Each structure stands twice: as C-alpha cells, then as structure tokens.
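So the structure is just underneath, and the comments pick up after that.
2 protein chains.
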Amino acid sequence: MHTLLETHLPTLKQASDACRTRAQWSGFKESPSTRLHGEEAPAAGKRAFESLLGQPFELELPGVTGHLGEEVSPYTREPLGIDYPVADPEISCRAGLEAMRSWRRLDPDQRAALCIEMLRALESVCFESTHATMHTAGQSYMMGFVGSGANALDRGLEAVVYAHRALTDLPGHAVWRKAFGKTDVALEKRYHFVPRGLALVICCASFPTWNAYPSIMANLMTGNAAIVKPHPGGILPMAIAVREMRRVLAANGLDPNMVLLAVDTRDEPVAQRYLERGEVAIVDFTGSQRFGSWLEQNLGNKRIYTETSGVNSIVIESTDNLDGMLDAVAHSLCLFSAQMCTSPQNIHIPAGGVETDQGRIGPADLALALAGRVDARVGNPAQAAGLCGALQAQNTVELLARLADRAADVGELLRAPEPYAHPEYPNARTATPLIIATERPGQDVLKEEHFGPVSFVITHADPDSALASAAATAATRGAIATHVYSVDNDYLDAAEQSFVDAGASLTCNLTGPMPLNFAAAYSDMHVTGLNPAGNACLTDLAFVADRFRIVQCRWPQGTRTTT
Amino acid sequence: MHTLLETHLPTLKQASDACRTRAQWSGFKESPSTRLHGEEAPAAGKRAFESLLGQPFELELPGVTGHLGEEVSPYTREPLGIDYPVADPEISCRAGLEAMRSWRRLDPDQRAALCIEMLRALESVCFESTHATMHTAGQSYMMGFVGSGANALDRGLEAVVYAHRALTDLPGHAVWRKAFGKTDVALEKRYHFVPRGLALVICCASFPTWNAYPSIMANLMTGNAAIVKPHPGGILPMAIAVREMRRVLAANGLDPNMVLLAVDTRDEPVAQRYLERGEVAIVDFTGSQRFGSWLEQNLGNKRIYTETSGVNSIVIESTDNLDGMLDAVAHSLCLFSAQMCTSPQNIHIPAGGVETDQGRIGPADLALALAGRVDARVGNPAQAAGLCGALQAQNTVELLARLADRAADVGELLRAPEPYAHPEYPNARTATPLIIATERPGQDVLKEEHFGPVSFVITHADPDSALASAAATAATRGAIATHVYSVDNDYLDAAEQSFVDAGASLTCNLTGPMPLNFAAAYSDMHVTGLNPAGNACLTDLAFVADRFRIVQCRWPQGTRTTT
Chain A
1 MHTLLETHLP TLKQASDACR TRAQWSGFKE SPSTRLHGEE APAAGKRAFE
51 SLLGQPFELE LPGVTGHLGE EVSPYTREPL GIDYPVADPE ISCRAGLEAM
101 RSWRRLDPDQ RAALCIEMLR ALESVCFEST HATMHTAGQS YMMGFVGSGA
151 NALDRGLEAV VYAHRALTDL PGHAVWRKAF GKTDVALEKR YHFVPRGLAL
201 VICCASFPTW NAYPSIMANL MTGNAAIVKP HPGGILPMAI AVREMRRVLA
251 ANGLDPNMVL LAVDTRDEPV AQRYLERGEV AIVDFTGSQR FGSWLEQNLG
301 NKRIYTETSG VNSIVIESTD NLDGMLDAVA HSLCLFSAQM CTSPQNIHIP
351 AGGVETDQGR IGPADLALAL AGRVDARVGN PAQAAGLCGA LQAQNTVELL
401 ARLADRAADV GELLRAPEPY AHPEYPNART ATPLIIATER PGQDVLKEEH
451 FGPVSFVITH ADPDSALASA AATAATRGAI ATHVYSVDND YLDAAEQSFV
501 DAGASLTCNL TGPMPLNFAA AYSDMHVTGL NPAGNACLTD LAFVADRFRI
551 VQCRWPQGTR TTT
Chain B
1 MHTLLETHLP TLKQASDACR TRAQWSGFKE SPSTRLHGEE APAAGKRAFE
51 SLLGQPFELE LPGVTGHLGE EVSPYTREPL GIDYPVADPE ISCRAGLEAM
101 RSWRRLDPDQ RAALCIEMLR ALESVCFEST HATMHTAGQS YMMGFVGSGA
151 NALDRGLEAV VYAHRALTDL PGHAVWRKAF GKTDVALEKR YHFVPRGLAL
201 VICCASFPTW NAYPSIMANL MTGNAAIVKP HPGGILPMAI AVREMRRVLA
251 ANGLDPNMVL LAVDTRDEPV AQRYLERGEV AIVDFTGSQR FGSWLEQNLG
301 NKRIYTETSG VNSIVIESTD NLDGMLDAVA HSLCLFSAQM CTSPQNIHIP
351 AGGVETDQGR IGPADLALAL AGRVDARVGN PAQAAGLCGA LQAQNTVELL
401 ARLADRAADV GELLRAPEPY AHPEYPNART ATPLIIATER PGQDVLKEEH
451 FGPVSFVITH ADPDSALASA AATAATRGAI ATHVYSVDND YLDAAEQSFV
501 DAGASLTCNL TGPMPLNFAA AYSDMHVTGL NPAGNACLTD LAFVADRFRI
551 VQCRWPQGTR TTT
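Line by line, the protein sequences give chains A and B. With the UniProt record's numbering applied, the first sequence corresponds to residues 1 to 563, in that order. With the UniProt record's numbering applied, the second sequence corresponds to residues 1 to 563, in that order.
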C-alpha cells in the first residue's frame, strides 16, 4: 500500500489542481501511437480481444447460477459468442455488503491510491478494451481508444478527486473544548464516513465507459460497492473493466466483491431485481430519458444519478468563418454516426439568412452547403469509417428509414441516410447522416430526440425566435451540448443567458480541429442536472457528497483507549 | 457592499476554519447577560415582543389576500392575537423567481456578507425573538435565547460556510488550451452557478429557528429564494426572522422577495399548494417522520432535505461516576420537557445491574435513583421552569395521560407526569417527566417515538442485548442522539460500531455541565441521513452541493467581449 500511495498520490494532486484551475491536463495516454505504447501493444490488445470470442468470459463472481451473452458486433453482425457468468442478486448483494466492511478501514488516500491503480490497470488493457468497445458499441478505432479509453479514465480520475475532496473536508478526529459555567468540557470526536450501501451502475450501449468509470470510482471512494449492470448489447467493455478492477483488489489483499457484475438479456432484464432490494442505496444510470426519469420519480429512498439524453441544438446567427463553421457542424453530424449524448440534432437558422465572411447566405443555401460538407466527409469509405464508425443498434437503421420515408411531411429531404461500405468490415451496420430541412419549427418531431445520424435544419422567422426555440427545447426536452454561431456580442450574451435559463451548457463559435462534441475532463461540466437530460453532473461535489454520510462518536477527552 | 464584505468576511473565515478543525467557536453572543448586551436590551426586547401581541404583524409581502393567526402561548394559554399576511402561492412564487434574477449577479463573497448581515440583524432582535419562541414553542427563557438564538445563528453561519465552500470549489472563469494535431485550441470558459428554483422551508413548532436558519442560509447562498412555511402554532419566531431578513435585503438595494413567508392554519394547510408547483425545486422539512418520509418518497423531482425524529437511546453498561451519570440523564429527561429531537426516550440496562464507583446497582434501584434525580430537579418550581419550560402542544398533555393510564400494561409506573406550578405563568401548560420501567424489551410501544417528557427504563438479559436493541431501534425507527455509559473499552468499541452501522451518532460517558442534548455548531454532525430520522445533515457539503448546478459557456479565447 505504501508503494501505491507513493506512486499515485502525485497523480491525485495534479488532477485535483486541474479541477481547481479547470486548465487542460490528462493523466492518461490520449493516443494509440506505438511511440507511447510500444510496437507490440496494439496487436497484442487485438489478439487479447480475439481470444475472448466464442468463449465463456473468465471471471469469478459470487453466486453464479448460469451464463449468458447475446452481443452482436455492429461491424461483423456476427455474435461475439461470449458467455458471461450470471450472479444471483441476493448473493451478489450480500457479497458486496461484506466487501464494504473490509474496505471501510481504508482512509481517503488509500482509497484514492487503489482507485488510481485500477484506472492504470484499465489503461494497461486499453487496446483490448478498444476492440471490445468497437465490436459492441460500433465506435471507430480512434474513438474507442481515446473517447472510451483515455478520456473515460480521466473522468474516472476526476471522480476520485471530488470524492477525495468531500471525504477530507472534515478531519477524522477532533478535540473540542468549551467552558460551561466554571467547568471546562473537553471532548474527543471521531467522524466516521459511512457509505450508503450498494450502488447499481447501469450502463448504456453506445458509450459505456465514459459514464461508468466515474460512477464506479465515486462509489468506491465513498465506500459503496459497485454492481455494474452493462447494457445487454455492450457487456464486454464493462466485463473487462470489472475483471481488471477485481484483479487489482485481490492483488492488494482486498475483497474483490467491491466491484461486481450483473449481466442480463433484453428479454430478461435484471435491473429491477436489484432495484427492489433495500441494500441497493444508489443508482447511477446512463440511458433513456424515460427510464432515467422513472428512476428519479419512483425511487425516493435511493440516491439516483442520471445522465440520459436530450435534443441538442446549434443556433446560427452569423459567422466570420463560414467554412470553419460548416466543417465543424458537418463533422459533428458524422462523428460516431451522431450516437453521442453531445451530438447535435437541431440546427436553427433565421429566414433572413446568415451574415458571413463570404457574404449573406440564405437558409436553403446554408442547408445545402452543410449537406455538401457532410457528403465530402463520408464520400471516402476509409474516412467515413474513421469518422462514423458503425450503428450500435439495428433500431437506428429502422429509425432512419422511417424518418427518410416521411421526410416530405416534415420538410425537405436534404440528404438520404445511405450506408457506406466499410473498408475492413463489409457487413458493418453503417449509415451516413440523414438531413431534413424545414420551415415549420413548431412540429413535434423536432422536439423529440432521434438517436443516430439524424438532423434538422430549421428555419425561423428571425434570429431571436431561432434562439428562443432552441432554448425552449433544451429546457423542456433536455440538452447536454448546445452551440451558437454569431459575431454579435449582444446576441452571444442573450444566447448565454437563454441557455443558462434552460440549464444547458453552451459553446460559442467553435471551429477548427476540436470536435463540437468534445468535453474535457477536469474542465468541462457535463450535464447540468437542470433539464430532463439528467439530474447529475459528471463530476462535481454534488456527484459525490451525498454518497456517504457522517456518523460521529464523542467522548470526554482522554477517557478512552481507541485504535 | 464593500463595507459589508470588510465587516463580515473575517467572520466567514473564522467559521470556515472552525468547520475544518471542528474545534469550539461561536460567532454570536451565547449568553443573555446584560454585560454583553447592555442594561436595556432584555427589557426592550420583551417590550418589542409585547407590542406585537393583538396586532396585525407588520410585514409587506407580494400577493397578500388576507390575514390569519391562531397561535396560543403555552405559558398563558391565551391567543397571541397576531394576524399574519397570507400570500397567494402563485404570486409569491413569481415574486421569488423574480428576486432570484437580481440575486444571481452576487458572487459567493457578496452573498456570504449579506447572509451574515442577516444573521447579525437576527442577533440584534435576539430578546424579542426569545420571547416569541417562549410563547409559541414553550421554551424557557435561557433555551429560547441560547438554543433558539445564538446556537441557531451559528448553525445558519455554518451553512453559509459550506455553501460558500461549494460555490468556490470551481473558478468562475478559466482558460483551457490543448493541441489537436498541429493546432492549438484555446478556449475561455465561464461557469454559472445556477440555483434550482424556489425552496420551501417547512418549520417545526418546538424548535423552528435551529433548522430553519441553516436551511434559509443554504438556499440564499446557492441562489434559491426561500419561502418560509412556519408551523401554524409557531409562526412568530419565523415571521420576525423573515421581517429582519427582508429588511436587510431592502436596505442593501436587493429584492426582499428572496425571503418570503407562507402562513397557514391547522385546518387549511398550505404546504401542498406550494409542493404542487414545479418552480418549487427544494423542500427543507423539519417535522414528523411520517410527512418527511412521504416527501422523500413522493417528490422525486424535487430535492428534499429532512430532519424528522426518532427514538433516542441511552445504554448503561457501567460507570465510574454514578452520580454524574444520573444527573446527566435526569437533566436530559427534563430539558425542555424532552421536546427536542435529541431528547432520550429509551434507557437500556442489563438485568444483572450496572457496575459503578458506588458498587453494583440493580436495574430496579437504578431506575428509582434516576426517578429520584428527576424529582430533585423539578421539585422547585423556579428550577423546573428554567429546565422544563412548557409543553408546546395540548396533544402532549393528552399523550402523557394516555401513557400513564396504561403504564401497567407496559411495565411499572415509576414517575407520574404531574404539572408543576410555573412561578411566573400560573396557567402554563407544564408537565414533569413520565418514567415507566419494564422488563419486556420487545414491546411495540418502546419502538415508537412519544414526543414529550416520556421515557422507559428497559431491562435486558445482558449488556449485549441492551446494545443490540438500542441499535436496532435506531436503525429501523431512526435516532438522532444516542448515548452509552461504560468503563469497558471493548464495550465502547462495540457500541460505536453498532451505532455507526445503525447510522446514529453516539456520545460516550458524558457527565458534567454540558447537556446530553447539546450539539455544537462547526463541530457536531447533526442527523446522519442513514436512518429514518431524516435524510440530511445540518450542515455538510451534501446539504448544499446539490442546491445549485453548474452551467458552462465556452468560446475561443479572445473572441468575445464580455462583462
């Protein structure tokens, strides 16, 4: 343990400083380059992934009653053929509670060191995990490595920072003296940091690690055992994570059951069986707004942290960089086939057109230009593969077909969602962006989230109504990332105030190589908790401070021999 | 504002340091002595109180539709005759939301300075407030001054500290730079601290200020307007507080509607009308476990912070100071007629008796000795008046009669709850403690809270079962303050672990002048949130961190002129 502390506490300090300054920092290797990882690592990671296929997944868990697995690769459309151990919920919960008892004796520094050791273990299998993410979520290789790897690990470390901060806000022990009349009273006080109970971490299919790592870390730091419940279509990345975390726990003489796995199938979901149990005190949920909202409304005796989804908007009023703006927006419409919680859907423009460095451009021309930029990005299959990846779910293919069919009801079909030919995986489930233009902003279809590469270019009477519509949708339907383009300072100020009121974070005039979707650990606040897109932020003090409680014990000073 | 900052920020710093060290500190005058307040202050405060009687209460509120008031003094049993303005909930909420818009521009330091100015204003009317508390809650003069005055103000300041800490955890503004490929991206980021909405602060009848001050302060600091909903039987102390806070807001050019008042009667309660409104995002509740639990379970879309009640236990295994222990316990059974959330109810002792510095004493003798110490405390009416005060509610009189009548069903009536003759108020609603001894620990009546001067001396087979029973009651029925007396280190360790598991704070072997009930601001953690006695702690990071959310706005560095 001493070595772990020496190795990892400097990292904790650096990460904590970054959280305070909100300046750029990363604790992990953000590129898959062999210069960082060595020549062998990428191929070895791929082989490790391949060796898992068609096999029972090797993971010892308490209370195993059978095996299951129904994952299908979005790239090959073949079953992965991996069976995972199924644990009995009651035995699993009992094992988690038991593990919490031994974990309790660790102080915040020790917990942080162990958590960072786990994150390092996850980094050591980053290539294996990348392929696991690709063949379950459909992410591209680069996104699987960076977004689901290094960036997700940074989010995990960020949660360690905040939990450590909350746990060290009080001393463990204090002496208190006060005169009552003529008598001095001196008391010793000990503060116990008591976890709430078990935490069920429910993961999404398309980007599981990015939310699950911080949730697991927040729970472990605050003493709650984490029961990881992956999406039935995306078990493997989380099974690998659970395997590595349990390995670190065991290697350090700790009960591995601080991290457990609960797998299920679409036909026989298991979450409810855990939610019914009183010892499950915390739920971390990433997924649909419907289920997230149900959890928030109906489980008043548990702490619920949700990140769901929303309808993200881009409002375009004017720009001094038309090409840069079109490129940035087109990139974001393609990136991971817009299967990200930060992907934009609604592009709001004024009927009078947009003033740009290339002159005023009308709504129809702007929409066409945008579609053209998308075409340019997906015309080359290799480029499309790197940018769009594959569609995680068959549902999304069907959604695209339905929306394309009824495009004329909504407005004008600007761009049809054709599959592209993936150069490496001929059977890959792919689609390029569907874009529909409309001059009728009031339609209900525009207020719904359409998960996948779907966007609407919506023409409004004027810039103010464009902004008001985007903000109203954010407030009522949720939004995680919104954007505005304007060279008018007053318009930007109004946009900032409108989106603050709607509880949606805003990015202004972003062009250049940083994707619109990018959210930086230690700097960007992700999900505000103020609109239906979720009730929690990854990661802030509120994300951690109520996962544990403080119980005190006090006694007259010097009257007790305690350890 | 500059002067306010200069005056009050040093106080904030001292209070913050106390919260970190948990050492003794107070920001307010903890004694009513004229040496601290001047010769005139006590009498002037009493006159101020008397001038309120039989009059409409002077308070301008938005949307007043009428007046009401039905308070009756527990000391005189006469109506106070004060009518308070009734505000229309919709207009009241609209006014609160409007006030929040101007409050927003204040930074955390400015908010803290204003909040401390409000606390100082409350201190300046401390004698008026003391009499208001006496004649609604039934507290004695000293308790009304210290417990409901200085100590409550300290709790309010403690909430200011934690909220300030949470609000300053992030900078308001940051610059972030990162290379994407060969391009450097530099973004400015602004973090908005956005309140959740309106907060309804529902107060209890017997000790309103102690919980309401921290709740109001936590809400104001985080930007949420506070709608104070006093108990219909205890409006006056909160109306005075609202009047003073609004006066400070107005005097500093701020919208006074950051603090509003919602009064009602027992027959026509108004809380539900506020709870139905979506803009009421936070509820701070002090009161019954039943309503608190209903709020927790059924208002999943609001943030609920509760302090309710529980069954507090004292476990006596052994002592090296029998006289000190008996005095301490007897004092606590009498203090404010045990109408405090920290009052003990169940006294658990082993059948084999208790080893003491005066030899082993059997359960029957111990119970009799305890009853004798109570007798000694309440035999002198002047002493009884200072210690017991009056019974807040007529219900309590009836409860005592019912329990005394059926004492033989439970065990043996050790001490009957006789009224004592209050020397100043002959009509005062008073009662001395009811004590029942029993050898049957399993009875349901022992697992319920009986609000008022009711206690049971419960004999168990052995010390371990005494402890187990007390801890089980705490876990399942809630407990806020528990006590153990033992000279055996191992027993103390076991007790500490048992109560930690039950989520109840523990005090060991307390004797001497500090009352068992005393909870020190900046040092003691009050309510753990781990058992049915409430879900929140006054005050910690969790009490404040989720009352506001963070919305960010980012833009390429240098591209925007912002204020």
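We put the CB at the ideal spot given by N, CA and C, even for glycine. Please read all numbers here as calculations on a predicted model, not as lab measurements.
Checklist entry - For A/ALA472, which residues from the same chain have a beta carbon less than 8 Å from its beta carbon, with the 5 sequence-adjacent residues on both sides left out? => result As a working note, residue 472 of chain A is residue 472 in the first sequence. The residues are ALA502.
Checklist entry - Of the residues that make up the stretch 527 to 555 of chain B, which ones have a beta carbon closer than 8 Å to any beta carbon in chain D? => result As a matter of chain content, chain D is missing from the structure shown, whose protein chains are A and B.
Checklist entry - Should the stretch 440 to 450 of chain B be regarded as contacting the stretch 373 to 388 of chain B, the criterion being three or more beta carbon pairs within less than 8 Å? => result no
Item to check | Within 8 Å of chain B by C-beta, residues of the stretch 493 to 507 of chain A in sequence order | outcome: ASP493, GLU496, PHE499, VAL500, GLY503, ALA504, SER505, LEU506 and THR507
Item to check | Burial state of A/PRO230 (16 or more Cβ within 10 Å) | outcome: Here the question's residue 230 of chain A lines up with position 230 in the first sequence. Classification of A/PRO230: buried, given that the 10 Å Cβ count is 16 or more.
Checklist entry - Which word fits A/GLU448, buried or exposed, when buried means at least 16 other C-beta atoms lie within 10 angstroms of its C-beta? => result Counted from its first residue, the first sequence places residue 448 of chain A at position 448. The residue is exposed, with fewer than 16 neighbouring Cβ atoms inside 10 Å.
Checklist entry - Nearest CA to the CA of A/ASP327: which residue from A/HIS8, A/ASP375 and A/LEU299? => result For the purposes of this step, residue 327 of chain A is identified with residue 327 of the first sequence, where counting begins at 1. With distances taken between Cα atoms, A/ASP327 lies closest to A/ASP375.
Next on the checklist: Can you tell me which residues form a DSSP beta bridge with A/CYS553?
Outcome noted: On the first sequence, position 553 is the one that residue 553 of chain A refers to. In the DSSP output, where bridge partners are listed per residue, A/CYS553 has A/ARG190 and B/LEU506.
Checklist entry - Is there at least one Cβ from chain A nearer than 8 Å to B/HIS192's Cβ? => result Position 192 of the second sequence holds residue 192 of chain B. Yes, its Cβ sits closer than 8 Å to a Cβ of chain A.
Item to check | B/THR235 (DSSP reduced to helix, strand or coil) | outcome: Here residue 235 of chain B corresponds to residue number 235 of the second sequence, with the count starting at 1. Here residue 235 of chain B is Ile; the residue named in the question, Thr, does not match the sequence. Coil, per DSSP.
Checklist entry - What is the DSSP secondary structure of A/VAL72, reduced to helix, strand or coil? => result The residue you call residue 72 of chain A lines up with position 72 of the first sequence. It is a strand residue.
Checklist entry - DSSP puts A/ALA199 in a beta bridge; with which residues? => result Here residue 199 of chain A refers to the residue found at position 199 when the first sequence is read from its first residue. A/ALA226 and A/ILE282.
Checklist entry - Given a threshold of 16 other Cβ atoms within 10 Å of its Cβ, counted over all protein chains shown, does A/GLU268 qualify as buried or as exposed? => result Numbered from its first residue, the first sequence carries residue 268 of chain A at position 268. That one is exposed.
Next on the checklist: So with CB distances below 7 Å, who are the chain A contacts of B/PHE180?
Outcome noted: On the second sequence, residue 180 of chain B is found 180 positions in, with the first residue counted as 1. By Cβ distance, chain A contributes PRO513 and MET514.
Item to check | Rounded straight-line distance, which links the Cα of A/ARG94 to that of B/GLY353 | outcome: Position 353 of the second sequence, counted from the first residue, corresponds to residue 353 of chain B. Position 94 of the first sequence, counted from the first residue, corresponds to residue 94 of chain A. Taking the straight line from one Cα to the other gives about 37 Å.
Next on the checklist: Give me the DSSP bridge partner(s) of A/LEU413.
Outcome noted: Position 413 of the first sequence holds residue 413 of chain A. According to DSSP, A/LEU413 bridges with A/ILE436.
Item to check | Neighbouring residues, chain B, relative to A/ARG177 (Cβ below 8 Å) | outcome: As a working mapping, residue 177 of chain A is identified with position 177 in the first sequence. What A/ARG177 touches in chain B: ALA23 and GLN24.
Checklist entry - For B/THR459, which option in B/SER469, B/GLU70 and B/PHE451 has the closest C-alpha, if you only look at C-alpha atoms? => result Mapped onto the second sequence, residue 459 of chain B falls at position 459. The candidate whose alpha carbon is nearest that of B/THR459 is B/SER469.
Item to check | Whether A/MET538 touches A/ASN301 by CB criterion (8 Å) | outcome: Working through the first sequence from its first residue, we reach residue 538 of chain A at position 538. Working through the first sequence from its first residue, we reach residue 301 of chain A at position 301. It should be pointed out that residue 538 of chain A corresponds to Leu in this sequence rather than to Met. No, these two residues do not count as a Cβ contact at 8 Å.
Checklist entry - Which stretch, first to last residue, makes up the beta strand (DSSP E) that contains A/TYR305? => result Working through the first sequence from its first residue, we reach residue 305 of chain A at position 305. Element bounds for A/TYR305: 303 to 307.
Checklist entry - From B/LEU370 to B/VAL329, what distance separates their C-alpha atoms? => result By 1-based counting over the second sequence, the position of residue 370 of chain B is 370. By 1-based counting over the second sequence, the position of residue 329 of chain B is 329. Roughly 8 Å separates the two Cα atoms.
Checklist entry - Can you round the beta-carbon distance between B/ALA186 and B/GLN557 to whole angstroms, since I take them to be within the 8 Å contact cut? => result Mapped onto the second sequence, residue 186 of chain B falls at position 186. Mapped onto the second sequence, residue 557 of chain B falls at position 557. Confirmed, Cβ separation roughly 4 Å.
Checklist entry - Of the residues that make up the stretch 426 to 442 of chain A, which ones have a beta carbon closer than 8 Å to any beta carbon in chain B? => result none
Checklist entry - B/SER455 by DSSP, collapsed to three states: which one? => result Here residue 455 of chain B corresponds to residue number 455 of the second sequence, with the count starting at 1. Three-state DSSP puts B/SER455 in a strand.
Checklist entry - Residues in its own chain within less than 6 Å of B/ARG22 by CB, not counting five upstream and five downstream? => result On the second sequence, residue 22 of chain B is found 22 positions in, with the first residue counted as 1. Once the five neighbours on either side are set aside, the close Cβ partners of B/ARG22 are SER523.
Next on the checklist: Once DSSP output is grouped into helix, strand and coil, what is the label at A/ARG429?
Outcome noted: Along the first sequence, read from residue 1 onward, the residue named residue 429 of chain A stands at position 429. A/ARG429: coil per DSSP, three-state reduction.
Next on the checklist: So with CB distances below 8 Å, who are the chain A contacts of B/GLN297?
Outcome noted: Position 297 of the second sequence, counted from the start, is the residue given in the question as residue 297 of chain B. By Cβ distance, chain A contributes GLY300 and ASN301.
Item to check | Nearest neighbour of B/GLN358, chosen from B/ALA521, B/THR528 and B/ASN321 [CA to CA] | outcome: As a working note, residue 358 of chain B is residue 358 in the second sequence. If we check each option's Cα against that of B/GLN358, B/ASN321 comes out closest.
Checklist entry - For A/ASP184, which residues does DSSP report across the bridge? => result Translated into the one-based positions of the first sequence, residue 184 of chain A becomes position 184. A/ALA179.
Checklist entry - DSSP state of A/PRO534, grouped into three classes? => result As a first step, residue 534 of chain A is located in the first sequence; it is residue number 534 there, counting from the start. The displayed chain sequence assigns Gly, not Pro, to residue 534 of chain A. Three-state result, A/GLY534: strand.
Checklist entry - On the three-state DSSP scale, how would you describe A/THR396? => result As a first step, residue 396 of chain A must be located in the first sequence, where it is residue number 396. Reduced to three states, the DSSP call for A/THR396 is helix.
Item to check | Cut-off 6 Å between Cβ atoms - residues of its own chain near A/LYS46, not counting five sequence neighbours on either side | outcome: Within the first sequence, residue 46 of chain A is the residue found at index 46, counting from 1. Contacts found: HIS131.
Checklist entry - When we look at the beta-carbon of residue 564 of chain B and count the other beta-carbons within 10 Å, is it buried (16 or more) or exposed? => result No answer is possible for residue 564 of chain B: it lies beyond the span of chain B, which begins at 1 and ends at 563.
Checklist entry - Tell me, which residues are paired with A/PHE548 by DSSP? => result Numbered from 1 along the first sequence, position 548 holds the residue referred to as residue 548 of chain A. Looking at the DSSP output, A/PHE548 bridges to A/PRO195.
Next on the checklist: Short of 8 Å in beta carbon distance, which residues of its chain neighbour B/ALA250, apart from the five on each side in sequence? Order them along the chain.
Outcome noted: Here residue 250 of chain B refers to the residue found at position 250 when the second sequence is read from its first residue. Correct list, in chain order: PRO256.
Item to check | As assigned by DSSP and simplified to three states, the class of B/TYR420 | outcome: The count along the second sequence starts at 1 and reaches residue 420 of chain B at position 420. The answer is coil: DSSP assigns B/TYR420 none of H, G, I, E or B.
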